[in-house]
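**Student:** Chains as they are written, first to last, in this note's numbering: chain A, 1 to 118; chain B, 1001 to 1543.
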């Protein structure tokens, strides 16, 4: 199992889908934040984080995700998540992320509702 | 511009600071104070955290300003504006430039007080958010522990369980690396790890420390006893019912500033609680695995018993002049006893065999043996040939340690002969009048040596004689003291029942063996085949 988080970006007309693979901790969270802020600076208003290949997230990773959500809210955009493991889904609910970011079961429904289609 | 408008604009600019992050606040403050006052230069010192010192946050190029400003120090400047509420001092703005009016000074003073309120609100809001986060985090920890109990106790697959344990532990204590070790004899072998471990097994010294501590312990800064190149390590024993069944280890607790730190006492407590849950889950998984193995074995035994039951004779042969009785009593653990009857032109051929091994392998070998025997007999071959072919067949097609002992006999009541082949089997008994004879083995068991040849032995079998074939489940039946029934008891019994019918002899042997064994479990199959030819017709002398 890899320690290092990898992020792949799929640009869409109205935003982007970020695919994460690995542990969302301090280092991993910062990697996501850097990519997300880059996209925000380029005008992306909707970012969907697909966490299908992420099985672990720690409290620092969560606080970084909250910061990304807040920053996007300041820009009047939206962050959403999809494909969460049951453990991460519950964690997001407890930590309050679900109050500020939409969570989808799968990518198709997220793309449809967020208007991220090609 | 009227003063009131200037002041409103000034406050509006300061209001925007509420949304600014700390590093950008200094320049924004300096910009607002120089734009809305006659001063064109200055410096700003801000206190980042309560109780901390005041650090230079911004300054004009022309200005010389110290990096740190003591609380009681007054910076150089034409005007110094404190940023403070009644009790909290957030910083200072020092301004340089033209002489200001009293109105300007009043405005700057009011702006300083307003700015202090803005910063105070921002700080309170930040503290509230952090407090809320911490509260939620503690709730998450508790929920996680509860969930772990439910989730890992419900996961009976050890591989899935190991992943779940690692993921949960890493999340709970913000570790960068972790490993689960499981006991193997006196050592602990890594079963799953997140990140590299130093070696496959825990060091003896480290193991001793963990086992002696009996709870979560930390290893010194820079200790690489479990993970290479790590800063801080923690390990906790997983205590099973009777012994330590595993070890959980983690390294390098992350901090929000991007660094790593040693594990704290609350994390050690959390890890110990977690290890208790893991112990229960691992024990459950182990018991489940054992139960599955037992179930599989029982299913195999049932199947083996069915195979064996199906190939044993369903009834006794009915041959003119020959009376037959048989007993087949399988042990609980299916063994490899086999018997069969064949009839050909008024003769009876019967066999008692014992296949090496137990359970399914033995049942399968019995099945193959049965098929080959029937084919060979149907070809009309004589006993020696049948034995030789069976031997060749088994030697070629079965595993090295598979063999069969057998005694194969043919009784011809008309010719009053008995032919036999005894391949490594117990001797059978021939009862003639009051005499008991043994027909001993004259060859290796079937399947041992491919080149073995078996010769048919022929001997007289006078009318009224009986033959008793049996498996070692009879002669080696054990009682609770571990004593065997033995041939001596069998022979005594046969002598006492020498003139009885085959069924009576069978029942007498079965009853004697049962009485001898008493409550001890039956370890091996018991098989008996007894055949007696009709006694000669005696005619009364003419008077």
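A virtual CB, placed ideally from N, CA and C, is assigned to each residue, including glycine. All figures in this text were calculated on a predicted structure; none of them were measured in a lab.
Using a C-beta cutoff of 7 Å, does residue 96 (chain A) count as contacting chain B?
**Tutor:** Residue 96 (chain A) counts as touching chain B.
**Student:** Going by the beta-carbon positions, is the gap between residue 1347 (chain B) and residue 1412 (chain B) smaller than 7 Å?
**Tutor:** Cβ atoms of residue 1347 (chain B) and residue 1412 (chain B): closer than 7 Å.
**Student:** Hey, residue 1079 (chain B) and residue 1056 (chain B): beta-carbon distance below 7 Å or not?
**Tutor:** No, the Cβ-Cβ distance between residue 1079 (chain B) and residue 1056 (chain B) is not below 7 Å.
**Student:** Cβ atoms of residue 7 (chain A) and residue 18 (chain A): under 7 Å apart, would you say?
**Tutor:** Yes, Cβ-Cβ distance for residue 18 (chain A) and residue 7 (chain A) is below 7 Å.
**Student:** Looking only at its chain, what residues have a beta carbon closer than 7 Å to the beta carbon of residue 1173 (chain B), apart from the 5 residues adjacent to it on each side?
**Tutor:** For residue 1173 (chain B), where only same-chain residues beyond five positions count, the Cβ hits under 7 Å are 1250, 1253, 1263, 1267, 1270, 1271.
**Student:** Rounded to the nearest angstrom, what separates residue 1458 (chain B) and residue 1420 (chain B) at their Cα positions?
**Tutor:** Residue 1458 (chain B) and residue 1420 (chain B): Cα-Cα distance of roughly 6 Å.
**Student:** Roughly how many angstroms separate the alpha carbons of residue 1100 (chain B) and residue 1040 (chain B), rounded to a whole number?
**Tutor:** Near 11 Å, if we compare the C-alpha coordinates of residue 1040 (chain B) and residue 1100 (chain B).
**Student:** Cα separation between residue 1081 (chain B) and residue 1128 (chain B)?
**Tutor:** Each residue's Cα considered, the two are about 28 Å apart.
**Student:** Are the Cβ atoms of residue 1118 (chain B) and residue 1017 (chain B) separated by less than 7 Å?
**Tutor:** Contact flag set, yes.
**Student:** I need the boundaries of the beta strand (DSSP E) containing residue 1015 (chain B), first residue and last residue.
**Tutor:** That residue, residue 1015 (chain B), is in no beta strand (DSSP E); its alpha helix (DSSP H) goes 1003–1015.
**Student:** Look at the Cβ atom of residue 56 (chain A), then the Cβ atom of residue 1369 (chain B), and state whether they are nearer than 7 Å.
**Tutor:** No. Outside cutoff.
**Student:** For residue 1352 (chain B) versus residue 1529 (chain B), is the C-beta distance shorter than 7 Å?
**Tutor:** Yes, the pair counts as a contact, with Cβ atoms nearer than the cut-off.
**Student:** Between residue 1316 (chain B) and residue 1324 (chain B), how many whole angstroms is the CB-CB distance? I'm expecting something under 8 Å.
**Tutor:** With 8 Å as the limit, residue 1316 (chain B) and residue 1324 (chain B) qualify as a contact, their Cβ atoms being about 5 Å apart.
**Student:** Looking at the secondary structure, which residues open and close the beta strand (DSSP E) in which residue 27 (chain A) lies?
**Tutor:** No beta strand (DSSP E) holds residue 27 (chain A); the alpha helix (DSSP H) holding it covers 26–41.
**Student:** Below 8 Å on the Cβ atoms is my guess for residue 110 (chain A) versus residue 80 (chain A); work out the distance and round it to an integer in Å.
**Tutor:** Yes, residue 110 (chain A) and residue 80 (chain A) are in contact; Cβ-Cβ is about 6 Å, under 8 Å.
**Student:** Assuming residue 1466 (chain B) and residue 1502 (chain B) are in contact, meaning their beta carbons sit under 8 Å apart, how far apart are those beta carbons, in whole angstroms?
**Tutor:** So it is a contact: roughly 7 Å between Cβ atoms.
**Student:** Check for me: the alpha helix (DSSP H) holding residue 1299 (chain B) runs from which residue to which?
**Tutor:** Unbroken alpha helix (DSSP H) run through residue 1299 (chain B): 1265–1311.
**Student:** By the 10 Å Cβ neighbour count, where 16 or more other Cβ atoms means buried, how is residue 1068 (chain B) classified, buried or exposed?
**Tutor:** Residue 1068 (chain B) is exposed by the Cβ-count criterion.
**Student:** For residue 1041 (chain B), which three-state DSSP category applies?
**Tutor:** Correct three-state label for residue 1041 (chain B): strand.
**Student:** At 4 residues or longer, and completely inside the segment 1030–1091 of chain B: list those alpha helix (DSSP H) runs for me, N to C.
**Tutor:** The segment 1030–1091 of chain B contains no whole alpha helix (DSSP H) run of 4 or more residues.
**Student:** Leaving out five residues before and five after residue 1116 (chain B) in sequence, what residues of the same chain have Cβ atoms less than 6 Å from its Cβ?
**Tutor:** Here the set comprises 1083, 1084, 1085, 1090.
**Student:** Using a Cβ cut-off of 7 Å (strictly closer), state whether residue 79 (chain A) contacts chain B.
**Tutor:** So, not an interface residue.
**Student:** Return helix, strand or coil for residue 15 (chain A), following the three-state DSSP convention.
**Tutor:** Of the three classes helix, strand and coil, the one that applies to residue 15 (chain A) here is strand, per DSSP.
**Student:** Can you pull the chain A neighbours of residue 1140 (chain B), defined as C-beta to C-beta under 7 Å?
**Tutor:** Residues of chain A passing the Cβ test: 91, 94, 95.
**Student:** Give a yes or no on contact between the segment 93–112 of chain A and the segment 69–80 of chain A, applying the rule of three or more CB pairs nearer than 8 Å.
**Tutor:** They touch, by the three-pair rule.
**Student:** Along chain A, in chain order, which residues have C-beta atoms closer than 9 Å to that of residue 1338 (chain B)?
**Tutor:** Those do not exist, as residue 1338 (chain B) stays about 54 Å from chain A at its closest Cβ, beyond 9 Å.
**Student:** List, in chain order, every chain B residue whose beta-carbon is nearer than 8 Å to that of residue 60 (chain A).
**Tutor:** Ordered by position in chain B, the residues that pass the 8 Å Cβ test against residue 60 (chain A) are 1174, 1254, 1255, 1256.
**Student:** Roughly how many angstroms lie between the CA atoms of residue 1506 (chain B) and residue 1470 (chain B), to the nearest whole one?
**Tutor:** Straight-line Cα distance between these residues: approximately 10 Å.
**Student:** For chain B, is any of its Cβ atoms less than 7 Å away from the one on residue 1 (chain A)?
**Tutor:** Because residue 1 (chain A) carries a pLDDT of 49, less than 50, the predicted location of this residue cannot be relied on, and no value is offered for it.
**Student:** Mind listing the chain A neighbours of residue 1170 (chain B)? Cutoff is C-beta to C-beta under 9 Å, in chain order.
**Tutor:** 23, 25, 56, 58, listed in chain order.
**Student:** DSSP state of residue 1474 (chain B), grouped into three classes?
**Tutor:** Three-state result, residue 1474 (chain B): helix.
**Student:** Just the C-alpha distance for residue 1362 (chain B) and residue 1198 (chain B), rounded to the nearest angstrom, thanks.
**Tutor:** Cα to Cα, residue 1362 (chain B) sits roughly 47 Å from residue 1198 (chain B).
**Student:** Could you please tell me which residues of the segment 1200–1215 of chain B, in chain order, have their CB closer than 7 Å to any CB of chain A?
**Tutor:** The residues in question: there are none.
**Student:** Decide if residue 1141 (chain B) is buried, meaning its Cβ has at least 16 other Cβ atoms within 10 Å, or exposed.
**Tutor:** Looking at its Cβ environment, which holds 16 or more other Cβ atoms inside 10 Å, residue 1141 (chain B) is buried.
**Student:** Per DSSP, what kind of secondary structure is residue 1315 (chain B) in: helix, strand or coil?
**Tutor:** It is coil, neither helix nor strand.
**Student:** Interface residues of chain A around residue 1402 (chain B) at Cβ under 8 Å?
**Tutor:** Chain A residues near residue 1402 (chain B): none, gap ~45 Å exceeds 8 Å.
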